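For reference, each letter of the sequence shown is one residue, going 12 to 244 in this note's numbering.
For reference, the structure discussed in these notes is given below.
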Amino acid sequence: MLLDTDSAIQNRKTIKVLADKDLPCSDLGEVLHQLLALAGMAPFHRACDPAHREPEEAQQRGIEPWRFHVLEADSCRILGGELAGEQAGKIPSMLAAADAMILATWLPNPPTAPSSTVPAMAEAETRFSAFSESSIFEPTLANMEHIAAASAAIQNLLLAATARGIANYWSSGGVLRSPAVFKRLGIPSQQILLGALFLFPSDIHDAQAVGSKLRPHRTPAKHWSRTVNLGGS
Ligand SMILES: Cc1cc2nc3c(=O)[nH]c(=O)nc-3n(C[C@H](O)[C@H](O)[C@H](O)COP(=O)(O)O)c2cc1C
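Below is the structure:
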């Protein structure tokens, strides 16, 4: 059964499944393709910089300002095993449970300012070497809109998963942000992780399911919206 849009929005919630032992690998198959296709319907204002589309830089050459790197269950188990004991927090436990984990990145524009005027970029030897986690991307309107568009794509995927009854979780990523993990997964270093998206099975055996802390503290729309009345009739 597929939830309607309002129900999917209302039902989406953070669910983290933590498993001590690897859960059986299920194949999301065609559903995963559907989720990615729906993610790709998000609005975006500007094409990503051509540098992200160069053959030597990336295999994925779409104009969208995001990239989704998908690990299915068997790859989640392998990565979880490799990260276990590496001060990886809860990530290995979630990789032991997930049917899929998607690293969603956004694509910053190369800096336009001379590196000397952007302190964090002063050491950069090439335009793109500036884009590591230890440096700051330029605070431009274009970059803000790239992040916004990538966020919309992520939310599309989470809602589509919820509509299909798939428990999900948007994580900042923790250890998955590290250059070592990017290298292991073949993610270009000029991409910036926006979310590690976990999709969990409905049968979680004896694993633990945990919700979020902020959800109960949501406020009604009147606390974060206002009507601007300019005195018209
Ligand atoms: C950009 C972003 C990053 C997030 N990263 C984390 C995270 O690292 N750890 C975590 O517990 N929740 C994370 N969350 C989930 C939020 O904690 C959660 O959405 C919020 O508490 C509201 O709960 P709900 O999703 O159940 O409505 C993240 C959410 C967003 C939008």
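Glycine included, every Cβ here is placed at the ideal spot set by N, Cα and C.
These numbers come from a predicted model, not from an experiment.
Quick one: give me the first and last residue of the alpha helix (DSSP H) that residue i is part of.
i, result
"His44", "Glu41 to Ala50"
"Thr3", "Given that the chain is displayed from residue 12 to residue 244, the structure contains no residue 3 and the question cannot be resolved."
"Ser104", "Ile102 to Leu106"
"Ser182", "Here Ser182 belongs to no alpha helix (DSSP H); instead the beta strand (DSSP E) covers Ala178 to Ser182."
"Glu156", "Leu152 to Ala174"
"Leu196", "Pro190 to Leu196"
What is the C-beta distance between residue i and residue j, in whole angstroms, given that I count them as a contact (C-beta under 8 Å)?
i, j, result
"Phe209", "Asn179", "6 Å"
"His80", "Ile113", "7 Å"
"Trp117", "Ile158", "5 Å"
"Ile26", "Ala220", "6 Å"
"Arg57", "Ala153", "6 Å"
"Ala108", "Ile215", "6 Å"
Using a Cβ-Cβ cutoff of less than 7 Å, which residues in the same chain neighbour residue i once the five nearest sequence positions on both sides are dropped?
i, result
"Pro212", "Leu34, Ser37 and Asp110"
"Val42", "Arg175"
"Ile102", "Leu94, Gly185, Val186 and Leu187"
"Arg72", "Arg64"
For residue i, does the count of other Cβ atoms within 10 angstroms reach 16, so buried, or fall short, so exposed?
i, result
"Leu106", "buried"
"Gly184", "buried"
"Asn22", "exposed"
"Met132", "Any answer about Met132 is weak, because its pLDDT of 45 lies below 50 and its placement is not dependable; what the coordinates show is given next. Flag for Met132 reads buried."
"Leu94", "buried"
"Lys32", "exposed"
"Ser223", "exposed"
"Ala164", "buried"
"Ala141", "Unreliable positioning characterises Ala141 in this predicted model, as indicated by a pLDDT of 43, which lies under 50. The coordinate reading is nonetheless provided below. That one is buried."
"Val28", "buried"
"Val239", "exposed"
Since residue i sits in a beta bridge, which residues does DSSP pair it with?
i, result
"Gly206", "Ala115"
"Gln219", "Leu29"
"Phe55", "Per DSSP, none; premise fails for Phe55."
"Phe211", "Ala178"
Taking the continuous beta strand (DSSP E) assigned at residue i, which residues delimit it?
i, result
"Lys27", "Lys27 to Leu29"
"His80", "Trp77 to Glu83"
Suppose the cutoff is 6 Å on Cβ atoms and the five residues either side in sequence are ignored; what does the same chain contact list for residue i look like?
i, result
"Ala171", "Leu46 and Leu49"
"Ile177", "Leu210"
"Glu149", "Pro122"
"Ala99", "Val186"
"Leu39", "Asp110 and Ala111"
Once the 5 residues before and after residue i are set aside, which same chain residues still bring their CB inside 8 Å of it?
i, result
"Ala19", "Leu170, Ala171, Thr173 and Ala174"
"Leu196", "His80, Leu82, Leu90 and Leu114"
- prompt: What residues sit near ligand 2, counting only those whose C-beta is closer than 5 Å to one of its heavy atoms, in chain order?
  reply: Although ligand 2 was asked about, the structure shown includes only ligand 1 as ligands.
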